[in-house]
Amino acid sequence: MNIFLHELKAYRKSTMIWTFSLVIMMVLFMSLYSSIHADAEAFLKVLKNYPEAIRNALGFNEKNFLTVVGFYSFLLSFVTLCASLQAMYLGTSIVSKEVREKTADFLLTKPVTRSQILTAKLMGAVVSLVITNMIYFAAASFMAFQFKTDDFSMKIFFLLSLTVFFVQLIFLALGMIISVIFQTIKSVLTVSLAVVFAFYFVGMFFDTSGEKVKRYFSPFKYFDTAYIIKHSSYESSFLIAGAAITILAIAASYFIYAKRDIHAV
Amino acid sequence: MNIYFKELKSNRKSIIIWSICVFLMVASGMAKFDAYSKSGQNMTELLKDMPKSLRAVFGFNELDLSKVSGYFGVLFIYLLLMATIHATMLGATVIAKEERDKTYEFLFTKPVSRSIIVTAKLLAAITNIIIFNLVTMASSMMLLAKYSHGEAVNDEIARLMAAMFILQLLFMVIGSALAAVKKKSKKAASLATGILVFTYFLSVAIDLNDRLTGLKYFTPFKYFEAKNVMYGGGFAAVYVVISVVLIAALTTVTYVFYKNRDLNV
Amino acid sequence: MDVIEIKNLTKTYGKARGISNISFNVEEGEIFGFIGPNGAGKSTTIRILLSLIYPDSGSAAIFGKDCIQFAPEIKKNIGYLPSEVFYYDNMKVKELLNYSASFYKKDCSKRMKELTDIMDLDLNKKIDDLSLGNKKKVGIVQGLLHEPKLIILDEPTSGLDPLMQQNFFELLKEENKKGATILFSSHILSEVQRLCNRVAIIKEGKIVTVEKISNLTENTYKKFKVETKAPLDATYFQISGVHNLEVKGNVTSFIFKGNINEVMKKIAGVEIMNLWIEEPDLEEIFMHYYEKEA
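Protein chains in written order, with our numbering: chain A, 1 to 265; chain B, 1001 to 1265; chain C, 2001 to 2294.
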């Protein structure tokens, strides 16, 4: 479909920049793994002398620093944050880009339904994200093999990396519905930054309490890396919650967009 | 000045939202503090034993987490990120939005010189930055008093706020200079944010890797670190000079380029 | 001292041609038209006058002062109406007008009220909610409320309904009577013919000519198409001033320049079924103009 290809082309440069940034970030962290690993082993011996309470307060998970997979999951939180920004930015732009660049009158008077337009744009965004994830995963796997200190399960590694994509999908859907409701968003960047960081801070805040319920409030907490490593799978309740939010938001976007007045230039 | 007041009015909603976010940030951060403070003495020793790389990864550095001021020093980096993102966006958009919204044909054909317009807009941006700074300071002083157990922290907070103000100014003029120089000033915001994110990661990388220490002059996040400002010697002269020079230079760039650029639809 | 003095103004956009060696003057108290096809360079010239963009070479003076060096001072007495109006979305009409007035160190409230009444503006509406034509009206009031001595208009009537166009022209004429000079760019010949004393024609970045309107109208021709009951003899309409005569079946077409009464006599002399008389468009005028030069 022409709109789909147009969107892909339009996002090409930005997708490349995001992919590049994510890969660089991951590479930087992973390359430090070996030195951290050595330090961690030494530190762990010291840590054994201290009471449990302190170890918990610190939130120091020995697994994080002694295994490749553990360290990778530590780095994932940063990667997910950046990746979510990309997804949110894409989602929020879906509709507001046409309004902002005043091309709404052009596109919406073509012989296509509004749903077709949304689908094409959504697919363009999803495919851009998929490309980013694929390149990122390839690079991450390479790095992991280079620096591994122990054998690790590729399946777990894959599951962990996939969480980035899932969180991106959630933010993509969120961005999409925001974009459909508030058509005239002057600064997409500000809105994206605000929403993503807000959820990130909420996630950090509720982390201290440890109640499971509160984890639902922030997509960043839906995928607990410790659990994934241990069970080689996701927690189904959160998976369902994430999927539900994504599907609902997207469905609502279609519905609202079909009925809305399109804001004139 | 009419331009100044109108600019303030346009930013009213935004600064209120940011202020609330800052307050929540400090509040949620301090809520976590309790866990650290209760572990008392042991904590300090534990951290001394922790290898440098691990400390860097956690963002602890040389701060004493059992003291409220030390903990605040760790929290400070997040507040600083928020403040600099806010300042960068302000700087990059405050003048450039006239081109983005195409209202420059109205404003720039009024009997005021371009320099006066730039001055009014920058002053409005600085006012917003000051408000952000004051809200942060007030929230911090208020909330820290609850947990301080008698430790006098207001002095340290004030000094950190002064450091934050310098960095806010610096990133603001980075944003405005970029907007002035770039032909498509719309892109200035994302580019400026990119620079900010890059310098932040650079500062983290410097912490992780001793070999990179020479690069610390390239990232403003290393100029006034919490541990130095609060306990060390305060503000290192070399960094103050660098900051002042950069701010002056970039401000000049903003004025000169706005004076001479073509304003086109 | 002429109100506007333009000398050898040149501006190129990279490789694209902008304007090249433009020179003309606008005298005080006249209504000066500035016409040319799309992309000829009218807006470029005007934007240089308003110091929105800067020339590569040449200069322009308004009220005797260099338009770039003394821009803020000059603009105190300039009212500008652009072709496309963009304002701050969240403002109400009266907020924008008051904001605009605050730039001129004088009390504009009386004139503002008069103008909004003439243009029939609802002051309490949000600018965002206005139609394009109504936004244009806001632009007109905004451009005139400080009673400027020089009014610069860039394709001003696009978007206005015929009644409002009338009101607008009356307004302009009134301002002119009070002593204002008007520079008026357009590619609609009829408007220019109605209002202007003199006109500059620009094409492909260069001034083709500067002359009085009266000369221009004298030089224009009309296109005729006459449908008769039976095919006409080709020689019937061959009088002086007729060119490009063509007979296709029952329809005879030609272009004519000269005393229109001569043609009318000819038309009255045959029994006609239908008659079309058209004004030439600007491109045709220019073509004709070049022919005349040659």
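Where is the CB? At the ideal position from N, CA and C, for every residue including glycine.
* To do: Let me know if residue 1016 of chain B comes out buried or exposed under the rule of 16 or more other beta-carbons within 10 Å of its beta-carbon.
  => In the assembly as shown, residue 1016 of chain B is an exposed residue. Its beta-carbon has fewer than 16 other beta-carbons within 10 Å.
* Asked: Should residue 2069 of chain C go down as buried or exposed, given a rule of 16 or more other Cβ atoms within 10 Å for buried?
  -> Residue 2069 of chain C is classed as exposed because its beta carbon has fewer than 16 other beta carbons within 10 Å across all chains shown.
* Asked: When the Cα atoms are used, what is the spatial distance from residue 82 of chain A to residue 2058 of chain C?
  -> In a straight line, the C-alpha of residue 82 of chain A is about 51 Å away from that of residue 2058 of chain C.
* With a 10 Å radius around its C-beta and 16 neighbouring C-beta atoms as the bar for buried, classify residue 2174 of chain C as buried or exposed. => With a 10 Å radius around the Cβ and a threshold of 16 neighbouring Cβ atoms, residue 2174 of chain C comes out exposed.
* Asked: Quick one: which chain B residues come within Cβ less than 9 Å of residue 225 of chain A?
  -> From the beta-carbon of residue 225 of chain A, no residue of chain B is found nearer than 9 Å; the closest lies around 15 Å away.
* Skipping 5 residues on each side, what residues in its chain have a beta carbon closer than 7 Å to that of residue 1141 of chain B? -> Only 1154 and 1157 meet the Cβ criterion.
* Consult DSSP for residue 1091 of chain B and reduce its assignment to one of helix, strand or coil. => The three-state secondary structure of residue 1091 of chain B, taken from DSSP, is helix.
* **C-beta neighbour in chain C for residue 1104 of chain B, strict 9 Å** => Interface residue (Cβ-Cβ distance to chain C less than 9 Å): residue 1104 of chain B is classified as such.
* Asked: When the cut-off is 9 Å and only beta carbons count, does residue 20 of chain A lie next to chain B?
  -> So, not an interface residue.
* Compute the beta-carbon to beta-carbon distance between residue 1131 of chain B and residue 1090 of chain B, rounded to the nearest angstrom, for a pair I have assumed lies under 8 Å. => In fact, because the Cβ distance is near 11 Å, the residues do not count as touching under 8 Å.
* **Residues that residue 1164 of chain B contacts on chain A, provided the C-beta gap is smaller than 9 Å** => Correct list: empty, because the minimum Cβ distance to chain A is about 17 Å.
* Rounded to the nearest angstrom, how far is the Cβ of residue 2025 of chain C from that of residue 2010 of chain C, given a contact under 8 Å? -> That pair is no contact at about 17 Å.
* With 16 other Cβ atoms within 10 Å as the buried cut-off, status of residue 2276 of chain C -> Counting the other CB atoms within 10 Å of its CB gives residue 2276 of chain C a total below 16, which places it among the exposed residues.
* Spell out whether any CB of chain C is found under 9 Å from the CB atom of residue 1109 of chain B. => Look at residue 1109 of chain B: its C-beta is under 9 Å from a C-beta on chain C.
* In the stretch 168 to 188 of chain A, which residues sit with their C-beta less than 9 Å from some C-beta in chain B, listed in chain order? -> Residues passing the 9 Å Cβ filter: 186 and 187.
* To do: Would you mind working out which of B:1014, B:1245, B:1255 and B:1241 sits nearest residue 1127 of chain B, comparing C-alpha positions?
  => The option with the nearest alpha carbon to residue 1127 of chain B is B:1014.
* Note the first and the last residue of the continuous alpha helix (DSSP H) segment covering residue 2034 of chain C. => Going by DSSP, residue 2034 of chain C is part of no alpha helix (DSSP H) but of the beta strand (DSSP E) stretching over 2031 to 2035.
* To do: Determine contact between the stretch 134 to 149 of chain A and the stretch 177 to 194 of chain A, defined as no fewer than three beta-carbon pairs at a distance below 8 Å.
  => Short answer: they don't touch.
* Asked: When the cut-off is 9 Å and only beta carbons count, does residue 2066 of chain C lie next to chain B?
  -> Chain B contact via Cβ: absent.
* Using 9 Å as the limit for Cβ to Cβ distance, is residue 1132 of chain B near chain A? -> Not one chain A Cβ lies under 9 Å of residue 1132 of chain B.
* Asked: What first and last residue would you give for the alpha helix (DSSP H) that runs through residue 2073 of chain C?
  -> Going by DSSP, residue 2073 of chain C is part of the alpha helix (DSSP H) stretching over 2071 to 2075.
* In or out: residue 1074 of chain B buried (at least 16 other Cβ within 10 Å) or exposed? -> When all chains shown are included, residue 1074 of chain B counts as buried.
* chain B contact for residue 2111 of chain C (CB, 9 Å cutoff) -> Answer no: the Cβ-Cβ gap between residue 2111 of chain C and chain B never drops below 9 Å.
* Asked: Per DSSP, residue 2226 of chain C is paired with what?
  -> Residue 2226 of chain C is bridged by DSSP to C:2252 and C:2275.
* Backbone secondary structure at residue 2144 of chain C - three-state DSSP -> Of the three classes helix, strand and coil, the one that applies to residue 2144 of chain C here is helix, per DSSP.
* Among B:1029, B:1004 and B:1222, nearest to residue 202 of chain A - alpha-carbon criterion -> The candidate whose alpha carbon is nearest that of residue 202 of chain A is B:1029.
* What does a CB cutoff of less than 6 Å around residue 221 of chain A pick up in its chain, not counting 5 residues either side in sequence? -> Around residue 221 of chain A: 203 and 215.
* Quick one: residues in its chain with C-beta nearer than 6 Å to the C-beta of residue 4 of chain A, no 5 flanking neighbours on either side, listed in chain order? => Excluding sequence neighbours, residue 4 of chain A sits near 120, 123 and 124.
* Asked: beta strand (DSSP E) containing residue 2027 of chain C: first to last residue?
  -> Element bounds for residue 2027 of chain C: n/a, residue is neither H nor E.
* **Interface flag, residue 1227 of chain B vs chain C, CB-CB below 9 Å** => Chain C, which has no Cβ nearer than 9 Å to the Cβ of residue 1227 of chain B, makes this no.
* **Neighbouring residues, chain B, relative to residue 2076 of chain C (Cβ below 7 Å)** => Under the 7 Å cutoff, chain B gives 1111.
* To do: Step through the CB atoms of chain F and report whether any lies within less than 9 Å of the CB of residue 2047 of chain C.
  => This model lacks chain F altogether, as its protein chains are A, B and C.
* **Touching by the beta-carbon criterion (3+ pairs, under 8 Å), the stretch 2222 to 2242 of chain C and the stretch 2191 to 2205 of chain C** => Because the criterion of three Cβ pairs below 8 Å is not met, the stretch 2222 to 2242 of chain C and the stretch 2191 to 2205 of chain C do not touch.
* Asked: Can you list the residues of chain C that residue 1212 of chain B reaches, using a CB-CB cut of under 9 Å?
  -> Ordered by position in chain C, no residue passes the 9 Å Cβ test against residue 1212 of chain B, which lies about 42 Å from the chain.
* Say whether chain A places a C-beta atom closer than 9 Å to the C-beta of residue 1013 of chain B. => Judged by the 9 Å Cβ criterion, residue 1013 of chain B is not in contact with chain A.
* chain A beta carbons: is any one of them nearer than 9 Å to that of residue 1089 of chain B? -> At least one chain A Cβ lies under 9 Å of residue 1089 of chain B.
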